[in-house]
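In UniProt numbering, the protein residues as written are 1 to 123. Don't be surprised by glycine CBs; every beta carbon is placed ideally from N, CA and C. Take a look at the structure below.
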């Protein structure tokens, strides 16, 4: 397939992500159409992964933090359930701001960073 044909069927990006191996396309007894569909799904997954990595890089966030790492026993003014509700990122669609207030070293940056990473991973 030449470059013009790839562009027409929108495979140019897919071909750059992972070279097409015709032997792999017909494995597992799949029909040619099913094999191409499996290949394109894998390419789509790779592209989404690269897009997420690019967003993370451009965000300039500090080290990755997660809610699983946060010690809710130490910080009792916010509950795990409250933070888990925020991970659905509906506050972004509704254009609400989230503000963390408190003295130094209580986990404000950790929680904000964890929510930012969650939002970036969701796209």
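With contacts defined by Cβ atoms closer than 8 Å, residue 106 and residue 82 do not form a contacting pair.
Within its own chain, the residues whose Cβ lies closer than 7 Å to the Cβ of residue 119, once the five positions on either side in sequence are excluded, are 89, 92, listed in chain order.
Taking residue 117 as the centre and dropping the five residues before and after it, the same chain places the C-beta of 56, 61, 64, 65, 66 closer than 8 Å to its C-beta, in chain order. Judged by DSSP in its simplified three-state form, residue 75 adopts coil rather than helix or strand. Between residue 72 and residue 79, the beta carbon gap of about 7 Å places them in contact (Cβ cut-off 8 Å). DSSP places residue 99 outside both helix and strand once states are collapsed to three, so it counts as coil. In this structure, the alpha-carbon of residue 109 lies about 49 Å from that of residue 30. At a Cβ-Cβ threshold of 8 Å, residue 86 and residue 115 count as neighbours. For residue 69, there is no enclosing alpha helix (DSSP H), as DSSP marks it with neither H nor E.
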